[in-house]
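Undergrad:
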Amino acid sequence: MQEIQILIVDYGSQYTLVIGRSLRELGVRSAILPPEKASSWLKTNNPKAVILSGSNYSVHNDGAPTLPADFDISGKSYPILGVCYGMQLIAHLSGGTVERPHDHREYGPAKVKVDTNHPLFKNVHEETDVWASHGDTVVKLPEGFREIATTSGIAGMTSVDNRVLGIQFHPEVVDSVEGKVMLQNFLDMTKCEKDWNPTDIIKEIQEEVLKEVGSEKTALLGVSGGVDSTTLAALLAPVLGERLVCVAIDTGGLREGELAELKVNAESAGVKNLIVVDAGEEFINNVGTTIDAQEKRMKFRDVYKRIFDEQIKKAGASFILQGTLATDIIESGGAGESALIKTHHNVGLDFEVSDLHPFRNLFKYEVRELGKALKLPPAVYERNPFPGPGLFLRVVGTPVSKEHIDLVREADKAVTDIIKAHKLEKEISQLIVALLGVKSVGVKGDERVYGYMLAIRAVVTVDFMTAKGYHFPDSVVDEITSACVRHKEIVRVLFDMTPKPPATTEFE
Ligand code: XMP
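Just so you know, we're using the numbering used here here: the sequence shown kicks off at 3 and counts up by one.
#1: How close, in whole Å, do the beta carbons of residue 302 and residue 224 come, if the pair is a contact with beta carbons under 8 Å?
#2: Given the structure, does residue 389 come close to the ligand XMP, in the sense that its CB is under 7 Å from one of the ligand's heavy atoms?
#3: Since residue 328 and residue 33 should fall inside the 8 Å C-beta cutoff, what is the C-beta to C-beta distance between them, to a whole number of angstroms?
#4: Please indicate yes or no: does the CB of residue 502 lie closer than 7 Å to some heavy atom of the ligand XMP?
#5: Examine the ligand XMP and report whether any of its heavy atoms sits within less than 7 Å of the Cβ of residue 170.
#6: Could you check the C-alpha separation between residue 483 and residue 120 for me, to the nearest Å?
#7: Tell me where the alpha helix (DSSP H) around residue 366 begins and ends.
#8: Between which two residues does the alpha helix (DSSP H) holding residue 302 run?
#9: Let me check one thing: in DSSP terms, what residues is residue 89 bridge-paired to?
#10: Thinking C-beta only, is residue 130 closer than 8 Å to residue 179?
#11: In angstroms with no decimal places, state the Cα-to-Cα distance between residue 488 and residue 377.
#12: Provide the residue(s) that pair with residue 517 in DSSP beta bridges, ordered along the chain.
#13: What number of angstroms, rounded off, separates the C-alpha of residue 170 from the C-alpha of residue 247?
#14: Please indicate yes or no: does the CB of residue 432 lie closer than 7 Å to some heavy atom of the ligand XMP?
#15: Answer yes or no: the CB of residue 260 versus the heavy atoms of the ligand XMP, is any distance below 7 Å?
#16: Suppose you measure from the CA of residue 172 to the CA of residue 307; what does that come to, to the nearest Å?
#17: May I ask which residues mark the beginning and end of the alpha helix (DSSP H) holding residue 239?
#18: Could you check if residue 506 belongs to the surroundings of the ligand XMP, using beta carbon to heavy atom distance under 7 Å?
#19: In terms of residue numbering, what span does the alpha helix (DSSP H) encompassing residue 499 cover?
#20: What is the C-beta distance between residue 437 and residue 454, in whole angstroms, given that I count them as a contact (C-beta under 8 Å)?
#21: For residue 505 and residue 497, what's the separation of their Cα atoms in angstroms?
#22: Rounding to the nearest angstrom, what Cα-Cα distance links residue 21 and residue 395 in this structure?
#23: Leaving out five residues before and five after residue 263 in sequence, what residues of the same chain have Cβ atoms less than 6 Å from its Cβ?
#24: Is any heavy atom in the ligand XMP found nearer than 7 Å to the beta carbon of residue 474?
#25: Give the straight-line distance between the Cα atoms of residue 7 and residue 379, rounded to the nearest whole angstrom.
#26: Mind checking residue 352: buried by the 16 CB within 10 Å criterion, or exposed?
#27: Buried or exposed, going by whether 16 or more other CB atoms sit within 10 Å of the CB of residue 296?
#28: If contacts are defined as beta-carbon pairs under 8 Å, then residue 50 and residue 193 qualify, I think. What distance do you get, rounded to the angstrom?
#29: Should the segment 400–414 be regarded as contacting the segment 443–452, the criterion being three or more beta carbon pairs within less than 8 Å?
#30: Give the DSSP-derived three-state secondary structure of residue 6 in the structure shown.
#31: In this structure, does DSSP put residue 52 in helix, strand or coil?
#32: Residue 75 by DSSP, collapsed to three states: which one?
#33: Note down the Cα distance separating residue 287 from residue 305, rounded to an integer number of angstroms.
#34: Identify every residue that forms a DSSP beta bridge with residue 147.
#35: Given a cut-off of 8 Å on the beta-carbon distance, is the pair residue 100 and residue 150 in contact?
#36: Would you check whether the ligand XMP has a heavy atom nearer than 7 Å to the C-beta of residue 353?
Next up, the structure:
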């Protein structure tokens, strides 16, 4: 697959993913990464351009996000386009001045005058409608820069060689009427070629896998019912047929109804050969021996690998296929020198047969598009993620037992039903209902109870690299609380609003 041409450094703006989508609409793929991940990605990739996104920070805030480590701000290594905060950051770090003037804050539609002789504004009207959303503004340009767009203040800047650009407004938002023209101009300036076409990518991956697996050998694919593995199955079923052996493990940590859903999804993906391994007891006996998050993950991984080794032998498979994404590899410390945050259950397992990760260069939103192009049902390609170790990660601070998992499963179902009844599913990127192993005192029916707490965490995110806590409406908070405390062992329900970072999406 062609290398990713554009890196978007995500500073947390609500529009970051919209930049990615706009570029894809123009036919170009991009990687969207927060600064710390971007720096390790840049060590092993050579993008044709880098876009610095907007943010809700001011460059003057304590803890304001900054450039990726070792980033070349001169534009010599890669042309740079700073959007909103991205522009302010470039100006601030290159000797310009960023201020928060009282009379120049823009939120919403604005009219901007642009220098139509600059290649970024080729074919753009001299006065054009844009979308702006900022309190800070660049009030003095860095040396060597000139102004190329103006509202009541500086709205665009360029370096002399046109390699470092900044715009204060958001070209990716539809309200910026000629925003797409500007982004296309940037793609032309940076000589990016069209490389996003789901049909081409599907064909490319099918050919790559077929070349590797050959015309006789068998490949094993771990399926979880989630977007990634189901899409991979749908993509490979037509080319490998019966030689694609799909293995689903019932780890004992699945949610209510999940195994049935998995079977339906595998069928809609055209899977001919599905083996379901019932391994709940083995997982609980192994994982339940520790409460340490990382140790639990390692133990989960060991059992997972043992089962796959066994299934590889049974099927006489020569390859193992997994739906691992670029982000999984980055988070597991597999890209450049990025830190190991969590050991994903399926990254870096040392199988005796070759381990193929055909989605290793793709991001979640791209796989969702492939799923759509492969005509999978929306329930599959829109599905929220769920970790491989499942409910094992949702029993926190106390050893996992079957009873604990049953309790979280029941609570998860109750909360999910309430969310569905209020039609809030689309607002939430992922729901986590966890049992906290801290006992506290409660009173039920005039009796003292010494029981556990449940933590409810709903997050909103685009890429799971960063996330924000979701605020349930008050009435829903009450409904969730009373549903959860109905269980005799639960005395308290806590709502966790912590963003990622510093917290991760999961508790473990
Ligand atoms: P965190 O907790 O790291 O999670 O913010 C980011 C996303 O990844 C999911 N996750 C996993 N998925 N195997 C998976 O397949 C895993 O081991 C794993 N750990 C976390 C998590 O649920 C969230 O969607």
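Where a beta carbon is used, it is the ideal one built from N, C-alpha and C, also for glycine.
TA: Reading off the structure:
#1: To locate residue 302, count along the sequence shown from 1; it is residue 300. To locate residue 224, count along the sequence shown from 1; it is residue 222. So it is not a contact: roughly 13 Å between Cβ atoms.
#2: As a position in the sequence shown, residue 389 is number 387, starting the count at 1. Flag set: Cβ of residue 389 near the ligand XMP.
#3: Here residue 328 refers to the residue found at position 326 when the sequence shown is read from its first residue. Here residue 33 refers to the residue found at position 31 when the sequence shown is read from its first residue. Indeed they touch by this definition, with Cβ atoms about 7 Å apart.
#4: Along the sequence shown, read from residue 1 onward, the residue named residue 502 stands at position 500. Yes - the ligand XMP has a heavy atom lying nearer than 7 Å to the Cβ of residue 502.
#5: For the purposes of this step, residue 170 is taken as the residue at position 168 of the sequence shown. Checking every heavy atom of the ligand XMP against the Cβ of residue 170, none is found closer than 7 Å.
#6: For this step, residue 483 is matched to residue 481 along the sequence shown. For this step, residue 120 is matched to residue 118 along the sequence shown. Roughly 58 Å between the two C-alpha positions.
#7: Numbered from 1 along the sequence shown, position 364 holds the residue referred to as residue 366. 366–375 is the span of the alpha helix (DSSP H), which, as asked, contains residue 366.
#8: In the sequence shown, counting from the first residue as 1, residue 302 sits at position 300. First-last of the alpha helix (DSSP H) with residue 302: 295–317.
#9: By one-based count along the sequence shown, residue 89 stands at place 87. DSSP lists no partner for residue 89.
#10: Counted from its first residue, the sequence shown places residue 179 at position 177. Counted from its first residue, the sequence shown places residue 130 at position 128. Their beta carbons are under 8 Å apart, which means residue 179 touches residue 130 by this criterion.
#11: Numbered from its first residue, the sequence shown carries residue 488 at position 486. Numbered from its first residue, the sequence shown carries residue 377 at position 375. One C-alpha to the other measures close to 41 Å.
#12: The structure shown does not extend to residue 517, since the chain spans only 3 to 510, so no value can be given for it.
#13: Numbered from 1 along the sequence shown, position 168 holds the residue referred to as residue 170. Numbered from 1 along the sequence shown, position 245 holds the residue referred to as residue 247. Looking at the two C-alpha atoms, the distance is approximately 52 Å.
#14: Residue 432 sits at position 430 when you count from the first residue of the sequence shown. It does: the Cβ of residue 432 is within 7 Å (strictly closer) of some heavy atom of the ligand XMP.
#15: To locate residue 260, count along the sequence shown from 1; it is residue 258. Residue 260 Cβ: outside cutoff for every heavy atom of the ligand XMP.
#16: As a working note, residue 172 is residue 170 in the sequence shown. As a working note, residue 307 is residue 305 in the sequence shown. Roughly 46 Å between the two C-alpha positions.
#17: Within the sequence shown, the letter at position 237 stands for residue 239. Run containing residue 239: 229–242, per the alpha helix (DSSP H) assignment.
#18: Here residue 506 corresponds to residue number 504 of the sequence shown, with the count starting at 1. Indeed, a heavy atom of the ligand XMP lies less than 7 Å from the Cβ.
#19: Along the sequence shown, one-based indexing puts residue 499 at 497. That residue, residue 499, is in no alpha helix (DSSP H); it is neither H nor E in DSSP.
#20: Taking the sequence shown and counting its residues from 1, one reaches residue 437 at position 435. Taking the sequence shown and counting its residues from 1, one reaches residue 454 at position 452. Correct: roughly 6 Å between the Cβ atoms.
#21: If you number the sequence shown from 1, residue 505 lands on position 503. If you number the sequence shown from 1, residue 497 lands on position 495. Answer to the nearest angstrom: the Cα atoms are 14 Å apart.
#22: Position 19 of the sequence shown holds residue 21. Position 393 of the sequence shown holds residue 395. Their Cα atoms are separated by approximately 33 Å.
#23: Counting from one through the sequence shown, the residue named residue 263 turns up at place 261. Hits under 6 Å: 227.
#24: Within the sequence shown, the letter at position 472 stands for residue 474. Result no, Cβ not under 7 Å from the ligand XMP.
#25: Within the sequence shown, the letter at position 5 stands for residue 7. Within the sequence shown, the letter at position 377 stands for residue 379. Those two C-alpha atoms are separated by around 30 Å.
#26: One-based indexing of the sequence shown puts residue 352 at position 350. Classification for residue 352: exposed.
#27: As a working mapping, residue 296 is identified with position 294 in the sequence shown. Flag for residue 296 reads exposed.
#28: Numbered from its first residue, the sequence shown carries residue 50 at position 48. Numbered from its first residue, the sequence shown carries residue 193 at position 191. Going by Cβ atoms, the distance from residue 50 to residue 193 rounds to 6 Å, so yes, they are a contact pair.
#29: no
#30: Here residue 6 corresponds to residue number 4 of the sequence shown, with the count starting at 1. Three-state DSSP puts residue 6 in coil, outside helix and strand.
#31: On the sequence shown, position 50 is the one that residue 52 refers to. In this structure, residue 52 counts as strand in the three-state DSSP scheme.
#32: On the sequence shown, residue 75 is found 73 positions in, with the first residue counted as 1. Coil, per DSSP.
#33: As a first step, residue 287 must be located in the sequence shown, where it is residue number 285. As a first step, residue 305 must be located in the sequence shown, where it is residue number 303. Near 10 Å, if we compare the C-alpha coordinates of residue 305 and residue 287.
#34: One-based indexing of the sequence shown puts residue 147 at position 145. 161.
#35: Locating residue 100 in the sequence shown gives position 98, where the first residue counts as 1. Locating residue 150 in the sequence shown gives position 148, where the first residue counts as 1. Against a cut-off of 8 Å, the Cβ pair of residue 150 and residue 100 comes out as no contact.
#36: Walking along the sequence shown from the start, residue 353 turns up at place 351. Checking the Cβ of residue 353 against the ligand XMP gives no.
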